[in-house]
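In the numbering used here, the protein residues as written are 43 to 224.
This is the structure in structure tokens:
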């Protein structure tokens, strides 16, 4: 198996490369869009592990060109910013799997091998893998992150989320956390 890991965090990419090598998996790293496309052409991987954020660029922009060039390669999107919207968009663009960081090597190996019983998107794995979030949990965590960025300002957070302010307030009222009205 040949894996191309597209990740701007060089330290993380090198750690994963060493761990995959211990399991007999040949891998190469790319740190940005142009390097990723070049490496994909030269290395012809079976699987591509793609980070969602590549510096100022989005990894989502690479899914379509990679799928065009390597239609039989599986694409696994790896992100520290799990949200329902990005998961859906990634799948529509052609990603095969979507994993939230932090993720352990065993989970990555299960997804790489594509075993239906252990695939990251199957119900059994969702029940046993703590790094996988339910849609509701992912949405809630994303809302909390945006609220934190905007220092609890609901109007600013709603604009950031492309959501009506009242809708956001209703969601917050259901599960108060970062934004508590005392």
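For glycine and all other residues, C-beta sits at the position ideal for the given N, C-alpha and C.
Being a predicted model, the structure only gives us computed values, none of them experimental.
Remark: C-beta atoms of residue 210 and residue 67 do not approach each other more closely than 8 Å. Residue 156 and residue 149 have their C-alpha atoms spaced approximately 11 Å apart.
In the same chain as residue 56, and ignoring 5 residues on each side of it, the C-beta atoms closer than 8 Å to its own belong to 71, in chain order. Excluding the 5 residues flanking it on each side, residue 213 has same chain C-beta neighbours closer than 7 Å at 185, in chain order. Under the 10 Å beta carbon count, residue 147 is surrounded by fewer than 16 other beta carbons and is classified as exposed. When the five nearest sequence neighbours on each side are left out, the beta carbons in the same chain lying within less than 7 Å of the beta carbon of residue 131 are those of 102, in order along the chain. Burial of residue 87 is indicated by the presence of at least 16 other C-beta atoms within 10 angstroms of its C-beta. Per the coordinates, the alpha-carbon of residue 144 lies some 7 Å from the alpha-carbon of residue 122.
Distance from the Cα of residue 43 is smallest, within the candidate group 64, 54, 69, 191, for 69.
The closest CA to that of residue 151, considering only 51, 54, 99, 63, is found on 63.
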